[in-house]
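*Asks:* Numbering (full-length UniProt numbering), first residue to last: 1 to 240. Beta carbons are placed, not taken as given, at the ideal position from N, Cα and C, and that holds for glycine.
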């Protein structure tokens, strides 16, 4: 059994989400071969060197799971793209590039955070290209901590304001981009998060039927995709 989750946006201000995640680690994830976290694991991450005691406790919880034999995989999201190898090593996790193709349920599956599929949001795509540039990443990681904190608050504030003002179709994936990317990677199943619109969409890639599975964000309830002998099962669960 394999579990995939995304968009927890972990932060001290949401202890209910934190408790639900730690409960998942202590229960279902212990029986899993692997746990995949597809981005926006944390609400914000300004660098491995700036890890707070709260974030360190999450790191330790992941390590405890990894030490039981469950493989842990992390992918960057738009909120936590500065997570680095130091955090992953401490957590016993493997950092996956976005996108990545892995074998799940006996087939190749494309895993993405999902923000790169939202190509109609031209302003965001331009910012994303700038922030993910290796030179920009190096500069960001070497800024003083207080500057990184200030920049992170500014980016989150602007993101919330702009999202409220944009049309729904602008902040969702571009329909034409999905089959193009799937065909490029030779897959019939895509799993991603980011949009906070959990669903399983049927589509055609070339002449073949395909599916796009969108993971849900954790807010009033949690979401997980379970892959086992029964297939791909996307379902919410209540917080304890």
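Does DSSP put residue 223 in a helix, in a strand, or in coil?
*Replies:* Residue 223 sits at position 223 when you count from the first residue of the chain shown. Strand.
*Asks:* Going by beta-carbon coordinates alone, are residue 118 and residue 173 separated by less than 7 Å?
*Replies:* For the purposes of this step, residue 118 is taken as the residue at position 118 of the chain shown. For the purposes of this step, residue 173 is taken as the residue at position 173 of the chain shown. Cβ atoms of residue 118 and residue 173: closer than 7 Å.
*Asks:* Where do the N-terminal and C-terminal ends of the beta strand (DSSP E) with residue 81 fall, by residue?
*Replies:* Your numbering for residue 81 matches position 81 in the chain shown. Note, residue 81: premise wrong, no beta strand (DSSP E); not H, not E.
*Asks:* At which residues does the alpha helix (DSSP H) containing residue 134 begin and terminate?
*Replies:* Against the chain shown, residue 134 aligns to sequence position 134. Here the alpha helix (DSSP H) through residue 134 covers 134–141.
*Asks:* Residue 96: which of 106, 206, 110 sits nearest, CA to CA?
*Replies:* Counting from one through the chain shown, the residue named residue 96 turns up at place 96. Selected option, being the one with the closest Cα: 110.
*Asks:* Based on the DSSP secondary-structure assignment, which residues constitute the bridge partners of residue 211?
*Replies:* In the chain shown, counting from the first residue as 1, residue 211 sits at position 211. Partner(s): 189, 202.
*Asks:* Determine, using beta carbons only, whether residue 222 and residue 237 come nearer to each other than 7 Å.
*Replies:* For the purposes of this step, residue 222 is taken as residue 222 along the chain shown, with counting starting at 1. For the purposes of this step, residue 237 is taken as residue 237 along the chain shown, with counting starting at 1. Result yes, Cβ atoms of residue 222 and residue 237 sit closer than 7 Å.
*Asks:* Would you say residue 35 and residue 29 are within 7 Å of each other, going by their C-beta atoms?
*Replies:* The count along the chain shown starts at 1 and reaches residue 35 at position 35. The count along the chain shown starts at 1 and reaches residue 29 at position 29. Their beta carbons are under 7 Å apart, which means residue 35 touches residue 29 by this criterion.
*Asks:* Please go through the same chain and pick out, in chain order, the residues whose beta-carbon is closer than 8 Å to the beta-carbon of residue 88, but skip the five residues on each side of it.
*Replies:* In the chain shown, the residue the question calls residue 88 occupies position 88. Cβ neighbours of residue 88 beyond the five flanking positions: 74, 94, 95.
*Asks:* Counting along the chain, where does the beta strand (DSSP E) carrying residue 234 start and finish?
*Replies:* Taking the first residue of the chain shown as 1, we reach residue 234 at position 234. Per DSSP, residue 234 belongs to the beta strand (DSSP E) from 231–238.
*Asks:* In the DSSP output, what is residue 21 paired with across the bridge?
*Replies:* If you number the chain shown from 1, residue 21 lands on position 21. Per DSSP, none; premise fails for residue 21.
*Asks:* Enumerate in chain order the residues of its own chain whose CB-to-CB distance from residue 47 is below 7 Å, with the five nearest sequence positions on each side excluded.
*Replies:* Start at 1 with the first residue of the chain shown, and residue 47 comes out as number 47. The residues are 82, 141, 148.
*Asks:* Please return the same chain residues whose Cβ sits closer than 6 Å to the Cβ of residue 42, not counting the five positions on each side in sequence.
*Replies:* For this step, residue 42 is matched to residue 42 along the chain shown. Correct list, in chain order: 10, 80.
*Asks:* Quickly, what does DSSP pair residue 94 with across the bridge? List them, please.
*Replies:* Numbered from 1 along the chain shown, position 94 holds the residue referred to as residue 94. 73, per the DSSP bridge assignment.
*Asks:* What's the call for residue 175, buried or exposed, on a 16-neighbour Cβ count within 10 Å?
*Replies:* Numbered from 1 along the chain shown, position 175 holds the residue referred to as residue 175. Exposed.
*Asks:* Taking Cβ positions, are residue 62 and residue 227 nearer each other than 7 Å?
*Replies:* Against the chain shown, residue 62 aligns to sequence position 62. Against the chain shown, residue 227 aligns to sequence position 227. No, Cβ-Cβ distance for residue 62 and residue 227 is not below 7 Å.
*Asks:* Only counting the same chain, and skipping five residues up and downstream in sequence, which positions put a Cβ closer than 7 Å to that of residue 205?
*Replies:* What you label residue 205 is simply residue 205 of the chain shown in a count that begins at 1. Excluding sequence neighbours, residue 205 sits near 179, 182, 183, 188.
*Asks:* In chain order, which continuous runs of the beta strand (DSSP E) of length 3 or greater are located wholly inside the region 26–64?
*Replies:* For the region 26–64, whole beta strand (DSSP E) runs of length 3 or above, ordered along the chain, are 34–38.
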